[in-house]
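Q: The structure follows.
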Amino acid sequence: MWLIMAVLSAFFAGLTSILAKCGIKKTDSDVATAVRTVVVLLFSWLMVFLVDSYGQISSVEPKSFFFLVLSGLSTGASWLCYFKALSMGDVNKVVPIDKSSTILSVLLAIICFKETEHLLVKLCCTAVLAIGIFLMVEKKQTEKKDVTRKWMFYAVLSALFAALTSIFAKVGIVGVESNLGTALRTGVVLLMAWAIVFMKGKHKQIREIDRKELFYISLSGLATGASWLCYYYAIQNGIVSVVVPIDKMSILVTVLFSFLVFHEKLSKKALAGLCLMAVATLVMAVFG
Numbered sequence: 009m010w011l012i013m014a015v016l017s018a019f020f021a022g023l024t025s026i027l028a029k030c031g032i033k034k035t036d037s038d039v040a041t042a043v044r045t046v047v048v049l050l051f052s053w054l055m056v057f058l059v060d061s062y063g064q065i066s067s068v069e070p071k072s073f074f075f076l077v078l079s080g081l082s083t084g085a086s087w088l089c090y091f092k093a094l095s096m097g098d099v100n101k102v103v104p105i106d107k108s109s110t111i112l113s114v115l116l117a118i119i120c121f122k123e124t125e126h127l128l129v130k131l132c133c134t135a136v137l138a139i140g141i142f143l144m145v146e147k148k149q150t151e152k153k154d155v156t157r158k159w160m161f162y163a164v165l166s167a168l169f170a171a172l173t174s175i176f177a178k179v180g181i182v183g184v185e186s187n188l189g190t191a192l193r194t195g196v197v198l199l200m201a202w203a204i205v206f207m208k209g210k211h212k213q214i215r216e217i218d219r220k221e222l223f224y225i226s227l228s229g230l231a232t233g234a235s236w237l238c239y240y241y242a243i244q245n246g247i248v249s250v251v252v253p254i255d256k257m258s259i260l261v262t263v264l265f266s267f268l269v270f271h272e273k274l275s276k277k278a279l280a281g282l283c284l285m286a287v288a289t290l291v292m293a294v295f296g
């Protein structure tokens, strides 16, 4: 079941990137992140009440709550950097760098959670993932070199915070119903996202959001909520060093829809990189 949930997480995460890109053509990325977090929070708590786990809030241990908060903070930081990068660069350029968090997540999981079964296979597959990511990250042909560097900087930060998110979440979700854990950490992300908006004085832009973009931002929030619920179920019940690579293969969905929606094509080099990533992830899933 946790493998199935990991695959569903990847599917919904792939949709998230495309829907988010559609929603930040005119809308500021920080504002879009804050608005979509509201949707994710509502969706998360709806699931909590549907599975009747809201009564367990008082029994959440301080350690679990602390790491869920850390997970929420790192998620918020990752989001802010990720959607800033998306607003500056092509989806096919930003997403591969963001997915490089897989490498760090796998290594941290091996060290922190002693997931050493089939260690050689995992390390070899991680190396192949790194090669695949390197092949997919292409230089954007533009005269504005400083812009290119900026989106890459934010994408790298996004990957770093995303890796920390998985580790903190694995510790925090112990003994906590996965839907409830998702809802609690989403509240932290919400506070962080809106704090950034108000600190930068961007709250006035909320009324100016284009209705069409608001629609896509909301859909992105629903896709994110669905992805998170599946992901944290998989993280809680499965092997982190296997779940994370599967989740990051949302890039397959993203690349497909970026071609259909934005007509962003992959070069032969990037396509080879994508194939390497897919093969490495499949092997890790089989031997995990």
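Convert by adding 8 to the 1-based position in the sequence shown; the result is the number in the numbering used here.
C-beta atoms are modelled at their ideal positions from N, C-alpha and C, and glycine is treated no differently.
Three-state secondary structure (DSSP) at V145?
A: DSSP places V145 in coil when its eight states are reduced to three.
Q: Quick one: measure Cβ to Cβ for V136 and L284, integer angstroms, because I've assumed they're closer than 8 Å.
A: That pair is a contact at about 5 Å.
Q: Are the CB atoms of V179 and F75 within a distance shorter than 7 Å?
A: Contact: yes.
Q: Starting from the C-beta of A117, find all residues in its chain whose C-beta is less than 6 Å away, skip the five residues before and the five after it, and write them out in chain order.
A: So the qualifying residues of the chain are E123, V248, S249.
Q: Grab me the residues of I141's own chain with a C-beta within less than 6 Å of its C-beta, minus the 5 sequence neighbours each way, in chain order.
A: Cβ within range, chain order: P104, S108.
Q: Is it true that the CB of Q244 sits closer than 7 Å to the CB of S186?
A: It is a contact, given that the beta carbons lie within the stated cut-off.
Q: Could you have a look at L274 and say whether DSSP puts it in helix, strand or coil?
A: Correct three-state label for L274: coil.
Q: Would you say S258 and G22 are within 7 Å of each other, going by their C-beta atoms?
A: Closer than 7 Å, so yes.
Q: With distances taken Cα to Cα, identify the nearest neighbour of K34 among E125, A170, V287, K92.
A: Closest option to K34, Cα to Cα, is K92.
Q: With I225 and G31 assumed to form a contact (beta carbons below 8 Å), what rounded beta-carbon distance in angstroms separates them?
A: Right, the Cβ-Cβ distance comes to about 4 Å (below 8 Å), so this counts as a contact.
Q: Pull up the distance between the alpha-carbon of L264 and that of S67, whole angstroms please.
A: Taking the straight line from one Cα to the other gives about 43 Å.
Q: With 16 as the cutoff for other CB atoms within 10 Å, does K130 come out buried or exposed?
A: Buried, because 16 or more other Cβ atoms sit within 10 Å of the Cβ of K130.
Q: Would you tell me roughly how many angstroms separate the C-alpha atoms of A288 and I214, rounded to the nearest one?
A: Answer to the nearest angstrom: the Cα atoms are 42 Å apart.
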